[in-house]
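> After the structure tokens below, expect a handful of questions from me.
Residue numbers (the working numbering): 260 to 594.
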């Protein structure tokens with residue numbers, strides 16, 4: 260099959276592209292390789308893909324509508340996996356306009372391209388951040404999510420609404436994926452596992468918010484990618500039983516579906532840090548801080564939709580995942 264993967268030089272985009280190539284698909288990758296974090300890491304990921312004859316790369320920004328349309332017209336992709344976005348809850352407090360540009364305008368350009376170039380299925384990244392002020396756990400795609408706590412979360416909720424509108428108006432099959440705290444080799448430097456590992460090795464203090472009382476549904480990258488591809492392969496369909504008197508947010512009379520992809524097993528942050536210390540054989544110097552604006556104290560994914568519709572449940576243990584990351588980090592940075 261012929262896939263277009265946006266954000267192909269990013270953490271999830273790279274792993275997804277590699278998975279598709281390894282199973283024999285063709286991949287058109289696009290990425291703007293911005294400097295939100297070290298572009299050399301993005302280039303290094305791309306170097307793992309670029310020699311494959313079934314991989315084509317275009318360096319463009321999805322906010323450039325002409326560039327997006329040109330690639331759709333020239334490449335005629337059948338399936339779209341949209342992973343490009345301005346990521347990060349905390350950075351959204353500093354630079355909210357970056358999120359409107361990439362996550363709203365950029366996503367609009369992808370939707371319009373899907374509309375005009377007749378793709379078979381659009382699969383896009385949402386986020387567990389959309390659950391915001393919700394406290395009923397595990398978080399379910401059937402729950403209302405109208406109380407985001409950051410601009411990042413608000414843009415991801417907006418993406419789900421925009422996608423449903425296009426699915427309803429133009430019959431585009433669309434699936435949205437709410438990722439829960441993704442981690443693993445080739446991960447993003449702005450995420451906790453990467454930052455903690457670097458600072459512990461460098462002998463620096465690590466900032467631990469909410470006095471270390473966070474719980475997160477950490478999800479290993481291989482499980483995320485397996486979920487992404489299985490959803491992409493299962494083209495979204497309308498729910499014939501959808502009831503407008505009791506509307507289910509996760510389905511529709513349009514070909515639209517939402518899924519959580521999480522480990523379904525939240526881990527206390529202090530245990531997470533202990534596992535990093537164990538694999539580094541070095542103790543962390545911890546600076547405890549209060550809950551930061553935009554953060555939620557805990558996440559926990561209900562993955563019934565993922566199991567029921569695509570037959571998948573993440574299974575990588577946190578112990579295995581952290582061990583794999585630390586091994587990669589030491590090799591990549593010669594630490």
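No residue lacks a Cβ here, since even glycine has one placed at the ideal position from N, Cα and C.
So if DSSP puts residue 316 in a beta bridge, which residue, or which two residues, is it bridged to?
288, per the DSSP bridge assignment.
> Tell me, to the nearest whole angstrom, how far the beta carbon of residue 286 is from that of residue 382; I am working on the premise that it is less than 8 Å.
Not a contact, Cβ separation roughly 14 Å.
> Pull up the distance between the alpha-carbon of residue 461 and that of residue 454, whole angstroms please.
Approximately 10 Å, taken between the alpha carbons.
> Please state whether DSSP places residue 262 in a helix, a strand or coil.
Correct three-state label for residue 262: strand.
> Going by beta carbon distance, what residues of the same chain come within less than 6 Å of residue 284, once the five residues before and after it are set aside?
260, 262.
> Per DSSP, residue 435 is paired with what?
BP columns for residue 435 point to 383, 517.
> Helix, strand or coil for residue 223? Go by DSSP, reduced to three states.
Residue 223 lies beyond the range of the chain shown here (260 to 594); nothing can be said about it.
> Just to confirm my understanding: we take residue 277, look at its own chain, exclude 5 residues before and 5 after, and list those with CB closer than 8 Å. What are they?
The residues are 307, 308.
> Identify, in the order they occur along the chain, each residue of the same chain with its Cβ nearer than 6 Å to the Cβ of residue 324, setting aside the five sequence neighbours on each side.
Excluding positions up to five away in sequence, the list reads 368.
> Write down every uninterrupted run of the beta strand (DSSP E) in the region 354 to 407 whose length is 3 residues or greater and which is fully enclosed by it, in chain order.
With a minimum length of 3 residues, the continuous beta strand (DSSP E) runs that stay inside the region 354 to 407 are 380 to 386.
> Could you tell me the alpha carbon to alpha carbon distance between residue 596 and residue 511, rounded to whole angstroms?
There is no way to answer for residue 596, as the model of the chain reaches only from 260 to 594.
> Could you tell me the alpha carbon to alpha carbon distance between residue 301 and residue 591, rounded to whole angstroms?
Their Cα atoms are separated by approximately 13 Å.
> Can you tell which of 405, 431, 417 has its C-alpha closest to the C-alpha of residue 360?
Closest by alpha carbon: 417.
> Going by C-alpha distance, which of 581, 392, 489 is nearest residue 536?
The shortest Cα separation from residue 536 among 581, 392, 489 belongs to 581.
> Using only the alpha-carbon positions, how far apart do residue 569 and residue 466 sit?
Cα to Cα, the separation comes out at about 38 Å.
> Excluding the 5 residues preceding and the 5 following residue 337 in the sequence, name in chain order all residues of the same chain whose CB lies nearer than 7 Å to its CB.
260, 261, 378, 379.
> Just to confirm, are residue 390 and residue 526 a CB contact at a threshold of 9 Å?
No, Cβ-Cβ distance for residue 390 and residue 526 is not below 9 Å.
> What is the C-beta distance between residue 476 and residue 346, in whole angstroms, given that I count them as a contact (C-beta under 8 Å)?
17 Å between Cβ atoms; not a contact.
> Any idea what DSSP makes of residue 475, helix, strand or coil?
If DSSP states are grouped into helix, strand and coil, residue 475 belongs with the strands.
> Counting Cβ pairs closer than 8 Å, one from the region 546 to 554 and one from the region 429 to 447, do we hit at least three?
No: the two stretches stay apart, fewer than three of their Cβ pairs being nearer than 8 Å.
> Is residue 563 helix, strand or coil when you go by DSSP?
Correct three-state label for residue 563: helix.
> Please determine, among 410, 320, 520, the residue with the shortest C-alpha to C-alpha distance to residue 575.
It is 520.
> What is the DSSP secondary structure of residue 582, reduced to helix, strand or coil?
Three-state DSSP puts residue 582 in a helix.
> Checking the sheet assignment: what are the DSSP bridge partners for residue 480?
DSSP lists no partner for residue 480.
> Using only alpha-carbon positions, find the residue among 523, 499, 267, 415 that is nearest to residue 363.
It is 415.
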